[in-house]
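Engineer: Position 27 of the sequence shown, counted from 1, bears residue number 27 in the UniProt record's numbering, the numbering being contiguous throughout.
Yeah, the Cβ is synthetic: ideal placement off N, Cα and C, and Gly gets one too.
Bear in mind the structure is a predicted one, so any value in this text is a computation, not a measurement.
One structure coming up, written as structure tokens, with questions to follow.
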Amino acid sequence: AARSAPPQLLTLARPPFAVRMLSNLSYGITPQSIAEFNALGDSDAERLANYVDWQLDWTAIDDSALDSRLASAGYDTLDKPLTRLWSEHVQGDPDYSIRMRPAWEVQCAAFVRATYSRRQLREVVVNFWHDHFNVTAEEYSAAPVYVHYDRDVIRQHALGNFRAMLEAVATSPAMLYYLDNVSNSRAGPNENWARELLELHTLGAENYLGFMDPFQVPPDPVDPAYPSGYTDIDVYETASAFTGWTLKNGHWEFPDDNDGTFVYRQSWHDAGPKFVLGNLLNPEQPAMKDGRDILDRLASHPAVARFVCAKLIRRFVDDTPPPALVRSAAQVFRQHWRSADQLERVLRHILTSDAMFNAWGQKSRRPFEAIVAAMRATGCDWTLRLDHEASNGFLWRLGFTGHEPYAWPAPNGYPDTELAWSGANSLAMGWKLLDWLTNAKDEGAPLLPILAISRSQVPQWTAARLVDYWCKRILGRLPSNVRRQTLIGFMAQNGDPASHVIADTNAWAGNDLKNHYNQERLTSMVSLILMSPEFLSR
1 AARSAPPQLL
11 TLARPPFAVR
21 MLSNLSYGIT
31 PQSIAEFNAL
41 GDSDAERLAN
51 YVDWQLDWTA
61 IDDSALDSRL
71 ASAGYDTLDK
81 PLTRLWSEHV
91 QGDPDYSIRM
101 RPAWEVQCAA
111 FVRATYSRRQ
121 LREVVVNFWH
131 DHFNVTAEEY
141 SAAPVYVHYD
151 RDVIRQHALG
161 NFRAMLEAVA
171 TSPAMLYYLD
181 NVSNSRAGPN
191 ENWARELLEL
201 HTLGAENYLG
211 FMDPFQVPPD
221 PVDPAYPSGY
231 TDIDVYETAS
241 AFTGWTLKNG
251 HWEFPDDNDG
261 TFVYRQSWHD
271 AGPKFVLGNL
281 LNPEQPAMKD
291 GRDILDRLAS
301 HPAVARFVCA
311 KLIRRFVDDT
321 PPPALVRSAA
331 QVFRQHWRSA
341 DQLERVLRHI
351 LTSDAMFNAW
361 GQKSRRPFEA
371 IVAAMRATGC
381 DWTLRLDHEA
391 SNGFLWRLGF
401 TGHEPYAWPA
411 PNGYPDTELA
421 WSGANSLAMG
431 WKLLDWLTNA
441 KDEGAPLLPI
451 LAISRSQVPQ
461 WTAARLVDYW
471 CKRILGRLPS
481 NVRRQTLIGF
491 MAQNGDPASH
501 VIADTNAWAG
511 NDLKNHYNQE
521 RLTSMVSLIL
531 MSPEFLSR
């Protein structure tokens, strides 16, 4: 039998520079963000550099409107300190809904922040670090303290220092529970945290050397003072170094210590000598020094710099990080590994690089990113809330896409490549949610003000004018002529696309399709734009 021809790959035209950059450095364009970006300089390079500087200086950006939105959303756990989260959501074995509420509120707030924050780059970076240091939000023991993990660990250090972030993660109740170091002791060692620290958080699986003799590991090609990879012995020794890093959680040996904060138990610690990553740790070191020595070794390791920088480049630039950019970013990472603004420096280097300047079409939006971008582009003014019909319907549908915020069940975090999200189920469920979003209402008010915006911005509703307006608003440009004509044909039906004025009505018109359910046809046309490759690519 004759074989069918291979599928043709779609080649998309490059959009305007502002659209390309904002698609990667934010959660999508809005008319305001395009105008702000284009006002930042006289050349594309100047505008990009100024935008990155503006967004990296995130504390100087007024986000009071977002703060007000969050405050009025009915969230009541986001400002609770750790000890209060513990006393109100852990102690006394509260109902499941009370225990889970902090995690649920962080998940809802992730949408609100991504959609409405003016600190857009920070929100994208926070999402990156949540994937990198993944803790499943609804894990039974992590959920009550997830507000602390999001607020005081990930957000606090997202643009700061990687070494400081490592220790904040290692001592956080959420991670101590999630990877079981809470029970890691000399009498009952547990290697889960140690293995994921090396495999996922720092050196990467590509540098795992199995059961190789650690004394036979070759030196790193950049700095021979460090080994080129890690072995199982390094994992076991790292686990020993972190014995005693636990919580005040009412353990039977210490029943009066029960406020959820970190504690170092010297009596649980294996104080013997250790050989980790080519470095000898002396016996009987001061409290926590074994673990901190390892974190220092990792934070300054050239392979860690390459691994973390490659992941950042994969997030912002290309699924296949350019080797030259990985090397130069890793140099910045290592040079400033003790600096408070290390990660800010690394990001500035990556985001103003030639690779970033030319980036387009190497990535696709994951479902969460696509939904948020759709809400931003269409002028959404709606806030997710708990125990609320429209919000519940939204989150239920989002679950089928496989990309609920902070819900990935494994320690490796959500995948961040186009291939991982190009399966039929992910795409179909994402399209269904986008279509639902354009038609859904909350107490009679549309979630997306498509009709209201069309009334105010398109004075005469011809098919061509409606299509062109919404394409320019959502995509930042017109699509290919073939796609534009398809959209116009859908909107026009049997009417003239240039001259027939579409009435602002939503009635049955029999066989006169040009007047048939016009408002629903308009919202459906917008949903088709949101499902297009032009919208889903970045």
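1. Can you tell me whether W396 is buried or exposed? The criterion is at least 16 other CB atoms within 10 Å of its CB, across all chains shown.
2. Report the three-state DSSP secondary structure of N439 (helix, strand or coil).
3. Assuming L433 and I371 make a contact with CB atoms under 8 Å, what is their CB distance in whole Å?
4. Give a yes or no on whether the C-beta atoms belonging to A390 and D468 are separated by under 8 Å.
5. Along the chain, where does the beta strand (DSSP E) that runs through F275 open and close?
6. Got a sec? Which residues, its chain only, sit under 6 Å from R20 by beta carbon, not counting five neighbours each side?
7. By the three-class DSSP mapping on this structure, what secondary structure does S64 have?
8. Do the stretch 78–94 and the stretch 145–165 touch if we need at least three Cβ pairs shorter than 8 Å?
9. Cβ atoms of N161 and L343: under 8 Å apart, would you say?
10. Can you tell which of A60, P449, G210, G399 has the C-alpha that lies nearest to the C-alpha of A428?
11. Nearest CA to the CA of L384: which residue from F394, T378, A377?
12. Rounded to a whole number of angstroms, what is the C-alpha to C-alpha distance between L528 and M175?
13. Out of curiosity, what's the CA-to-CA distance linking L198 and S524?
14. Leaving out five residues on either side along the sequence, give the residues of the same chain with a beta carbon under 6 Å from the beta carbon of A158.
15. Use the C-beta contact count for P479: other C-beta atoms within 10 angstroms, 16 or more gives buried, fewer gives exposed.
16. Name, in chain order, the residues that DSSP records as bridge partners for Y264.
17. What residues are listed by DSSP as bridge partners for S537?
18. Could you tell me the alpha carbon to alpha carbon distance between N515 and R484, rounded to whole angstroms?
19. Report, in whole angstroms, the separation of the C-beta atoms of E105 and Y75, which I expect to be a contact under 8 Å.
20. Please go through the same chain and pick out, in chain order, the residues whose beta-carbon is closer than 8 Å to the beta-carbon of L466, but skip the five residues on each side of it.
21. Which word fits T505, buried or exposed, when buried means at least 16 other C-beta atoms lie within 10 angstroms of its C-beta?
22. Near F111, which residues of its chain fall below 6 Å by C-beta distance, leaving aside the five closest residues on each side in sequence?
23. Quick one: grab the DSSP three-state call for N358.
24. Where in the stretch 444–512 do unbroken runs of the alpha helix (DSSP H), each at least 4 residues long, occur, reported from the N-terminal end onward?
25. Could you please give the first and the last residue of the uninterrupted alpha helix (DSSP H) stretch that includes N279?
26. Spell out the partners DSSP gives P219 in its beta bridges.
27. How far does the alpha helix (DSSP H) with S524 in it extend, from its first residue to its last?
28. By Cβ distance below 8 Å, which residues in the same chain neighbour A168 in space, the five residues on each side in sequence not counted?
29. I'd like to confirm the pairing. Which residues does DSSP put opposite Y208 in its beta bridges?
30. Go through the stretch 20–49 residue by residue and report every complete run of the alpha helix (DSSP H) that reaches 4 residues or more, in order.
31. Suppose you measure from the CA of E253 to the CA of A239; what does that come to, to the nearest Å?
32. Please classify R101 as buried or exposed, where buried requires at least 16 other C-beta atoms within 10 Å of its C-beta.
33. By the three-class DSSP mapping on this structure, what secondary structure does N161 have?
34. Check whether the stretch 190–209 touches the stretch 299–318, taking contact to mean three or more Cβ pairs, one atom from each stretch, closer than 8 Å.
35. For D512, is the classification buried or exposed, using 16 other Cβ atoms within 10 angstroms of its Cβ as the cut-off for buried?
36. Assuming contact is defined by CB atoms lying nearer than 8 Å, are P497 and A464 in contact in what I supplied?
Structural biologist: Let me lay it out:
1. exposed
2. helix
3. 6 Å
4. no
5. 274–276
6. W360
7. helix
8. yes
9. yes
10. G399
11. F394
12. 41 Å
13. 48 Å
14. V125, V126, W129
15. buried
16. W245
17. S364
18. 21 Å
19. 5 Å
20. S454, V458, M491, I502, L522, M525
21. exposed
22. L384
23. coil
24. 450–457, 463–475, 481–492
25. Looking at the DSSP string, N279 is not in any alpha helix (DSSP H); the run it does join, the beta strand (DSSP E), is 279–281.
26. P227
27. 518–530
28. D152, V153, Q156, H157
29. Y230
30. 31–38
31. 21 Å
32. buried
33. coil
34. yes
35. exposed
36. yes
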